[in-house]
Each structure stands twice: as C-alpha cells, then as structure tokens.
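S.K.:
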Amino acid sequence: MKKIYLDTVSTTRPDPAVIKTYEDLLEKTYVNSDALYDDGVTLYNLQEDARKRVASLLGVSAEEVIFTSGASEANSLAIKGCAWAHPEKKHLITSIYEHSSVYGAASQLERLGWKVTYLRPDKEGKIAPQAVREALRPDTVLVSIMFVNNELGSINDVKTIAEIVKKESHACFHCDITQALGKIPVDLTNIDLASFSAHKIHGLKGSGALIRRRHVPLEPLVSGGQQEGGLRGGTSNAPLNIVLAKTLRLALEQQPQEEAHDRRLKEVLLQELQEIPEVTVNSPADGIANLVSLSTPVKSEVLLNALNKSGIMVSSRSTCGSRKNEPSRVLTSMGIDDERAIRVSFDRENTEEEILLFTKSLKEIIKKYG
Amino acid sequence: MDNVIYDYIVIRYGELSTKGRNRKDFINCLHANIRRVLKPFPALTYEKFYDGMYIHLNGEEYQAVAEKLKKVFGYAYFAGAIRVPSDLDAIKEAAYKIALSRPYKTFKVNAHRNDKSFPMTSDTINRSVAGHLLANTELKVNVHEPDLMLYIFVKKDATYVMDEKVQGPKGYPVGINHKALLMISGGIDSPVAGYVTMKRGMRLECVHFASQPYTSEQALDKVKELLRILSEYQGEIILHVIPFTELQMQIYRHADESYAITLLRRMMYRIADRIAKKRNILTIVNGESVGQVASQTLESMSVIGSVCDTMILRPLCMADKLEIIDQAVKIGTYETSILPYEDCCTIFAPKNPVTKPKAEKCERYEARFDYEKLIEECLANDEIVHISFDDKKDTEELF
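These protein sequence lines map, in sequence, to chains X and H. Take the first sequence: its letter number 11 is residue 11 in the working numbering, and every next letter is one higher. Take the second sequence: its letter number 37 is residue 37 in the working numbering, and every next letter is one higher.
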C-alpha cells in the first residue's frame with residue numbers, strides 16, 4: 001500500500017541535500033568544536049560561518065543566533081530566560097493557543113510567582129493586536145504570540161503586535177515562527193526573540209535556533225559552558241548546527257514556490273470538502289496554505305484509525321499533545337469540538353492526486369461511521 | 001518589494017577620462033579589472049563607448065553583478081538601465097516601467113541627448129516623458145528632491161533609461177600605478193593602508209612576519225582572511241610569510257628590552273626592502289600612523305625607516321585611529337582585525353618601549369649578532385601564498 005503523508009506540520013522529510021551534508025560532516029569530524037588545535041578551530045569556524053549565514057538569511061547579526069535543539073527549547077529559553085533576567089517584572093502576556101512549549105513555560109513561571117495573561121483568539125482564530133495592547137502593564141516582561149497557529153493555520157498580525165509592544169511598552173516580544181518559516185515571508189522587524197525548528201522545514205530533528213536581538217538580556221537554562229555565548233552550556237552539536245544553514249537557505253529559496261504549490265493543493269482540498277456536507281472547515285479562509293483543520297461527525301480517533309488503515313497519515317491535533325488525554329486548548333478556545341477535528345497538512349512533496357485519494361477515503365469513512 | 005527590470009548596466013568613467021595621453025592605458029586596465037570581477041557571470045557582454053561602457057546582462061542577475069562592480073576602483077558611477085531604440089514611444093514605455101518598479105512617489109526627468117539628430121531637445125524629451133508618467137501613474141513631479149531621478153541617455157543607436165546612479169569606490173584602476181609591498185600584521189591599520197593603496201591604482205603584494213609557535217596558526221589565518229577580503233578589489237594577492245622566530249629571539253637575547261620593538265621593526269624593513277627589490281616593487285606600504293604607539297613616533301619612524309632605501313609610503317600616517325576604524329568597518333576588515341590573536345609585535349611586548357630611539361644605539365645592539373645571516377635565512381624560508389576571494393569555495397558546499 002502506498003502511504004500518503006499529510007502531517008507535514010508535525011514534521012517533514014529531511015531534504016536529501018541536508019542528509020548528505022550531515023552524513024559527510026559526521027564522517028569527517030568528531031572533535032570538540034571548542035578545542036584549540038587545528039581540527040577544533042576548523043570545525044568552530046565552520047559552525048560560526050553557518051551562524052553567520054543563518055543570521056544573514058534572517059536579516060540579523062551572527063551573535064544574535066543561538067543554536068538550540070529545536071523550537072521547544074528555543075521557546076523555553078526565550079520565555080524563562082527573559083523572565084529570569086528581569087526578576088522585578090512579574091507579568092507575561094501570551095495566548096491560550098500557543099504551542100505547548102510556550103504554554104508550558106508560561107505556566108511554569110506562573111507557579112513560580114509570575115502573573116500570566118492568556119489572550120483568546122477571535123472568531124477568525126487570530127490574536128487581536130488591540131487585545132495585546134489592553135493587556136500590557138508597566139511590569140510586563142514579555143509578550144509571546146505565535147506567528148502561525150499550528151492547529152488552525154491562522155496567521156497573526158505579528159507586524160502590528162510587535163509594533164505595539166515595541167512602541168507602547170518596555171516588554172520584549174517573542175514570536176514562535178516555526179509554522180511560518182518557509183511557508184510565508186517572515187520579517188523579524190521589532191521582534192526581540194524568535195524561535196524555529198529545522199525539522200519543520202525539511203531539516204533534521206534536534207536542531208533549531210533562537211534569534212535573540214542583542215539588546216535582550218537572557219538567563220541561560222543550561223548554565224556553565226561558554227557555548228552559544230554562555231546561554232546554552234554543553235558541547236556543541238557542530239555538524240547539526242552547520243547543516244541548519246543549508247536547511248534554512250533551501251527552505252527560504254523555495255518558499256515562494258512552496259507557498260504557491262500548497263495554495264493549489266488547499267484549493268483542491270477545500271473544493272472537494274464542499275462536496276461533503278457533513279464536514280466543517282475550522283481553519284480561517286485567510287489561513288496558511290499548507291494546513292486545513294476540519295471537523296466531521298466521526299470521532300477523530302476513529303477517523304484517524306480508519307485513515308491509517310488506508311495508509312493515510314494525518315493528526316487529530318498538535319502532535320506534541322497527542323498522547324495526553326486533555327482536550328486541545330487551541331480548538332476548545334475557538335469553541336470547536338476537539339473530539340471531532342482532524343488536521344490535514346501537506347507540502348511540496350504532496351500531489352493533487354494524494355489530496356483526492358484522501359477526500360475519497362474521507363467520504364467513505366463518514367458514510368460508514370458517521 | 002523592488003522589482004529589478006534592467007537589461008543593461010551603464011558605467012561612466014568620470015575622473016579617469018581627464019587623464020590625457022594615458023587614457024587608453026587607464027581604460028584598458030579598468031576594463032580588464034571589470035571583466036575579472038565579473039568572470040562568475042559568463043552571459044555578460046560588453047560594449048565600450050567614449051566615456052564608459054555598457055554591460056548587457058543577458059539574463060544575469062543585476063543585483064549580484066552590481067555588488068561585484070562596487071569593488072572595482074577607477075570609474076565614477078554605474079546604473080542599471082533599460083535599453084530601447086531611440087524612439088520617443090519606446091523611451092516613454094521604459095520610463096513607465098522604471099517608475100513602477102519601486103514604490104516611488106515623486107520624480108524628475110533628466111534627459112541627455114548625445115545624438116543631436118534626435119528630433120527633440122533634451123528639454124522637450126523631459127516634458128514629454130514627464131507628461132506620460134503624470135497621465136499614467138500616481139507619481140507627482142518634484143524637481144528639488146525627487147524619489148526617482150529618471151536619467152535618459154539618448155544615443156544614436158539606442159537610448160538608456162536609468163533611475164539610480166550607484167557611486168563607485170572611485171580611485172584609479174588597480175594595476176595602473178605599479179606595485180606596492182604591504183607590511184601586514186593582522187591589526188586594524190594595515191588592511192586599511194592596503195585598501196587605500198589599491199585605490200591609488202597600485203597592485204598589492206604583502207609580507208607578514210610570523211613567529212610560530214609564539215604566534216598561532218590562527219593569527220596567520222586571520223591575515224589570510226584579511227587579504228581574502230582585500231583581494232576582491234584586485235584579484236589574487238601574493239603573500240610572503242616570513243618565519244621570524246629565530247631573528248626575534250636573537251634580538252631579545254642581544255638588546256635591551258626597551259629597544260626590542262625598534263630593532264624588530266628595523267629587521268622587518270630590511271627584509272621588506274629585499275623582497276621589494278627582488279620582486280621589482282617600487283614602494284613599501286604600511287599602516288603606521290604618527291604617534292600611535294612607541295614605534296610610530298617621528299623619532300622611531302625615522303630611526304626604523306633609515307635601514308631601507310626603498311621608498312616607504314605610510315598612507316595612514318596623518319589619520320586618527322577612529323577614522324581608520326570607520327574605514328575598516330566600511331571595507332569589511334574590522335571584524336576580522338579585532339580577533340584576539342597575538343602577532344609578533346605583541347608577544348613579549350616590552351613594558352617600557354623606547355619612544356626616542358637613537359640610531360647609534362640600534363647599531364651597537366645589532367653589531368652583537370650576525371643578523372645578516374638570519375635575514376638571509378628568513379628570505380630563504382619565505383613561504384609564498386596566493387590568496388584570492390574565491391578561496392573559501394571548498395567549504396561552500398556545506399552551506
């Protein structure tokens with residue numbers, strides 16, 4: 001049975017060019033990149049070259065790039081690191097529908113004595129800039145709002161939110177750009193902290209970065225060690241960090257085509273879904289092109305199992321919460337019954353034919369179990 | 001988002017064209033340099049005219065070509081252009097395209113009619129094109145501070161419509177004024193001295209003194225990286241790496257510590273002098289600036305420079321440190337220069353270096369050991385390295 005992968009928001013297949021470079025590096029070098037003999041220095045220089053390239057691709061400077069194990073770690077470092085660096089400021093603003101690593105960091109701080117305002121999305125699935133403005137307080141240390149929501153695909157007006165935070169407060173603005181990068185143009189103007197993962201853009205798991213503008217003080221989560229400007233102790237995973245540059249370059253180079261391709265698939269999908277009266281589309285009309293959240297009369301667990309039987313891989317919600325028995329914060333915040341919702345996501349490797357096969361299966365399953 | 005629509009680049013020479021009988025040499029040298037930096041773009045074709053040249057992009061990316069051109073000395077400015085037949089309707093159409101290519105709000109037309117057989121005067125071209133833009137776009141005229149200065153260059157065979165003149169780094173084409181030997185340490189000053197030397201049309205050859213293992217491989221790599229940055233302006237640079245440790249040790253053994261740097265510098269000049277003569281180089285250049293450190297007082301410079309009869313040029317001798325730093329930042333060498341590796345002047349730096357050295361005293365110290373033999377050894381072990389801007393290619397595939 002030919003499998004159909006429709007869960008690209010969860011992770012993507014690494015680009016063959018990335019795998020090749022990574023394998024080469026692993027084979028050629030194993031020294032510690034902080035060692036002072038030639039091999040160590042050479043590896044260090046390559047890693048710093050990669051850092052420069054990542055920086056220039058994102059329009060920041062090299063010292064503002066912190067390599068991490070991915071967006072979850074970057075989110076944790078941004079939020080806790082920023083709060084700990086400003087112990088006198090005890091208020092944070094975020095939204096109820098952030099990724100679990102943001103939500104988790106915020107609730108951890110809440111337990112440690114910080115006050116957190118959790119904004120709710122409007123009916124379009126977006127966080128209103130006005131709501132951010134109203135929540136700002138003199139002691140707000142950080143505002144963290146994601147660029148693109150990972151379960152709905154709604155795109156926040158990050159430009160306006162960042163501008164409000166910059167101009168109307170002394171708080172830092174953190175943005176989880178994981179689901180936006182490589183999908184839509186991302187401009188980091190006025191964004192103090194930004195996190196992303198490599199594996200969502202055809203890179204490797206365990207790799208990502210936090211962009212930290214130079215004026216933002218942070219406390220490390222892993223202290224000791226001179227790596228990453230003292231913000232992340234531990235021997236650098238130099239080969240992984242080096243290939244992040246290529247991963248990001250390829251993703252950004254292909255972004256316009258990727259977006260156009262995904263938009264075409266989304267149109268096909270939405271058109272097909274219109275033929276199934278039992279299906280409601282949860283994603284906003286102006287959402288990201290590569291993700292559609294939809295609800296059916298069939299319980300999502302049943303639907304997932306049935307699709308799985310036909311070799312079609314989709315998720316019912318954020319994969320980072322897939323083994324928990326709690327309702328989805330994201331969907332319930334929108335008044336959507338999360339027991340009946342699934343998330344279909346695709347990218348440049350998917351075809352129209354696969355979308356049609358999915359909708360065909362969907363129709364059959366709804367007929368049978370709906 | 002800017003939408004680049006040029007199919008040509010027009011380069012004008014400016015200062016160069018005033019150079020009387022040498023003009024032909026200057027132009028040939030400039031052309032060769034332009035073609036050298038644009039080698040990575042094989043589709044380009046070139047066409048000369050009296051005061052400049054046209055480069056037909058033939059599909060090559062304007063921005064990438066422009067970045068390379070900014071590293072060529074010797075012309076006044078260049079501009080991306082749309083080439084059309086010398087026909088009013090075609091000119092209007094090109095002007096319209098350019099006006100819409102960026103978010104311009106105001107404009108002024110500046111036509112120049114080289115071809116006097118063209119049936120309209122410059123002024124009537126201006127009015128006619130402006131009228132076309134006013135009627136067909138939202139743009140307004142502003143003759144004092146326009147966003148868009150639309151240049152129209154009418155020639156017999158074709159007309160070039162341009163919006164932005166990009167100033168070149170000026171100076172003379174590298175190679176027109178013979179060669180210079182740059183003494184490069186790895187600090188902030190010497191790369192800047194090298195830059196202004198190339199800008200005056202001299203081709204650089206460089207000498208670096210390495211005292212390994214007291215200085216590290218990284219210190220040498222840093223010098224190579226600095227030269228790699230500079231090599232974008234002239235093409236390949238030859239670097240002489242002189243193993244200096246033995247000579248340096250002998251100086252410390254035989255002279256008073258306060259005179260060590262003075263003697264060290266005298267030895268460096270002697271070696272540079274020999275390299276210059278051997279390589280048919282007419283001048284030695286370095287980054288010395290009057291008063292900056294003990295070895296750069298007038299007394300020091302005079303005692304040190306007297307060992308060498310090749311002409312010494314010190315292009316930064318009257319510049320302030322901050323001016324030099326500004327320029328280093330501008331040419332992109334600063335970040336590399338400040339990497340913290342020791343060079344042969346900073347290892348064993350004397351606590352109280354002499355600021356008013358006496359020539360007789362230097363000679364007395366130097367008489368204590370056979371430095372001639374050591375200099376010969378240095379020259380015999382001169383390691384010649386060829387450095388060019390594309391050297392990093394071997395790791396490029398990683399990214």
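Backbone N, C-alpha and C define an ideal beta-carbon position, used for all residues, glycine too.
Count the other C-beta atoms from every protein chain shown that fall within 10 angstroms of the C-beta of X:Ser295, then say buried if there are 16 or more, exposed otherwise.
M.R.: Buried is the call here.
S.K.: Beta carbons nearer than 8 angstroms to chain X: which residues of the region 372-391 of chain H have them?
M.R.: Listed in sequence order: no entries.
S.K.: For X:Ser154, which residues of its own chain have a beta-carbon under 6 angstroms away from its beta-carbon, when the five flanking residues on both sides are left out?
M.R.: Closer than 6 angstroms at the Cβ level, and outside the excluded window around X:Ser154, lie Gly125, Lys126, Pro284 and Gly287.
S.K.: Considering only residues of the region 140-217 of chain H, which uninterrupted beta strand (DSSP E) runs meet the minimum length of 3 residues and lie entirely inside it, listed in chain order?
M.R.: The qualifying runs are 148-154, 159-167, 179-183 and 203-210.
S.K.: Within 10 angstroms of its Cβ, does H:Phe389 collect 16 or more other Cβ (buried), or is it exposed?
M.R.: Buried: at least 16 other Cβ atoms inside 10 Å.
S.K.: For X:Gly4, would you say it is in contact with chain H, using Cβ-to-Cβ distances shorter than 7 angstroms as the test?
M.R.: One point to set straight first is that residue 4 of chain X is Ile, not Gly, in the sequence displayed. Not an interface residue.
S.K.: With a threshold of 6 angstroms on Cβ separation, who are the neighbours of H:Ala94 within its own chain once the five nearest residues in sequence on each side are excluded?
M.R.: If we look at H:Ala94 and ignore the five residues flanking it on each side, its Cβ neighbours are Ile82, Val84 and Val161.
S.K.: By alpha-carbon positions, which one of X:Gly113, X:Ala71, X:Ser76 and X:Glu98 ends up nearest to X:Pro87?
M.R.: Nearest option by C-alpha distance: X:Gly113.
S.K.: Determine, using beta carbons only, whether H:Ile184 and H:Phe78 come nearer to each other than 7 angstroms.
M.R.: Contact flag unset, no.
S.K.: For H:Glu47, which residues does DSSP report across the bridge?
M.R.: H:Tyr54, per the DSSP bridge assignment.
S.K.: Under a three-way DSSP split, which group does X:Val330 fall into?
M.R.: DSSP places X:Val330 in helix when its eight states are reduced to three.
S.K.: Identify each residue in the region 225-247 of chain X for which the Cβ-Cβ distance to at least one residue of chain H is less than 7 angstroms, and report them in chain order.
M.R.: Cβ contacts with chain H: Ile242, Ala245 and Lys246.
S.K.: Can you tell me whether DSSP reads X:Pro256 as helix, strand or coil?
M.R.: In the structure shown, X:Pro256 sits in a helix (DSSP, three-state: H, G or I).
S.K.: Along the chain, where does the alpha helix (DSSP H) that runs through X:Ile79 open and close?
M.R.: Counting along the chain, the alpha helix (DSSP H) containing X:Ile79 begins and ends at Ala71 to Ala85.
S.K.: For X:Cys172 and X:Lys205, I'd like the C-alpha separation in whole angstroms.
M.R.: Whole-angstrom Cα-Cα distance: 28 angstroms.
S.K.: Between which two residues does the beta strand (DSSP E) carrying H:Gly14 extend?
M.R.: H:Gly14 -> no beta strand (DSSP E), and no H or E assigned at all.
S.K.: Mind checking which residues open and close the alpha helix (DSSP H) that includes H:Thr336?
M.R.: Unbroken alpha helix (DSSP H) run through H:Thr336: Tyr334 to Ser337.
S.K.: Would you say X:Thr117 lies against chain H (beta-carbon separation less than 7 angstroms)?
M.R.: For X:Thr117, the answer is no, since every Cβ of chain H falls outside 7 angstroms of its Cβ.
S.K.: Alpha carbon to alpha carbon, how far is H:Lys277 from X:Lys52? Give it in angstroms, no decimals.
M.R.: Approximately 42 angstroms, taken between the alpha carbons.
S.K.: For H:Arg203 versus H:Tyr172, is the C-beta spacing smaller than 7 angstroms?
M.R.: Cβ distance not < 7 angstroms, so H:Arg203 and H:Tyr172 don't count as in contact.
S.K.: Which same chain residues, not among the five before or five after X:Glu272, have their C-beta less than 8 angstroms away from its C-beta?
M.R.: Excluding residues within five positions, the ones whose Cβ falls inside 8 angstroms are Ile355, Leu356 and Thr359.
S.K.: Expressed to the nearest angstrom, what Euclidean distance is found between the alpha-carbon atoms of X:Asn305 and X:Ser144?
M.R.: Cα to Cα, the separation comes out at about 35 angstroms.
S.K.: Within its chain, find whatever has a CB closer than 8 angstroms to the CB of H:Leu316; leave out the 5 residues flanking it on each side and keep chain order.
M.R.: Same-chain partners within the cutoff: Asp189, Val192, Ala193, Val196, Gly287, Glu288, Ser289 and Ile324.
S.K.: Alpha carbons only, please: which of X:Tyr5, X:Leu109 and X:Lys367 is nearest the one belonging to X:Pro277?
M.R.: Nearest of X:Tyr5, X:Leu109 and X:Lys367 to X:Pro277, Cα basis: X:Lys367.
S.K.: For H:Ser337, count neighbouring Cβ atoms within 10 angstroms of its own Cβ and tell me buried if that reaches 16, exposed if not.
M.R.: H:Ser337 comes out buried.
S.K.: Could you check what DSSP says for H:Asp343 in three-state terms: helix, strand or coil?
M.R.: Residue state, collapsed to three classes: coil.
S.K.: Could you check where the beta strand (DSSP E) with X:Ala180 kicks off and where it finishes?
M.R.: Taken as a continuous stretch (DSSP letters only), X:Ala180 belongs to no beta strand (DSSP E), as it is neither H nor E.
S.K.: List the residues of chain H whose Cβ lies closer than 8 angstroms to the Cβ of X:Arg249, in chain order.
M.R.: What X:Arg249 touches in chain H: Phe399.
S.K.: Specify the secondary structure class of H:Glu397 as computed by DSSP and reduced to three states.
M.R.: The answer is coil: DSSP assigns H:Glu397 none of H, G, I, E or B.
S.K.: Just tell me which of H:Gly59, H:Tyr62, H:Val72 and H:Ala111 has its CA closest to the CA of H:Gln234.
M.R.: The shortest C-alpha separation from H:Gln234 is found at H:Val72.
S.K.: Taking beta-carbon pairs under 9 angstroms, can you tell me which members of the region 203-230 of chain H lie near chain A?
M.R.: Absent from the structure is chain A; the protein chains it does hold are X and H.
S.K.: Starting from X:Ser154 and walking both ways along the beta strand (DSSP E), at which residues does that stretch end?
M.R.: From DSSP, X:Ser154 is part of no beta strand (DSSP E); its letter is neither H nor E.
S.K.: Tell me the DSSP secondary structure of X:Lys324 in three-state form.
M.R.: Of the three classes helix, strand and coil, the one that applies to X:Lys324 here is coil, per DSSP.
S.K.: Are any of the Cβ atoms in chain H nearer than 7 angstroms to that of X:Arg51?
M.R.: Chain H, which has no Cβ nearer than 7 angstroms to the Cβ of X:Arg51, makes this no.
S.K.: Alpha carbon to alpha carbon, what distance is there between X:Asp192 and X:Ile212?
M.R.: Reading off the sequence, residue 212 of chain X comes out as Arg, not Ile. Cα to Cα, the separation comes out at about 6 angstroms.
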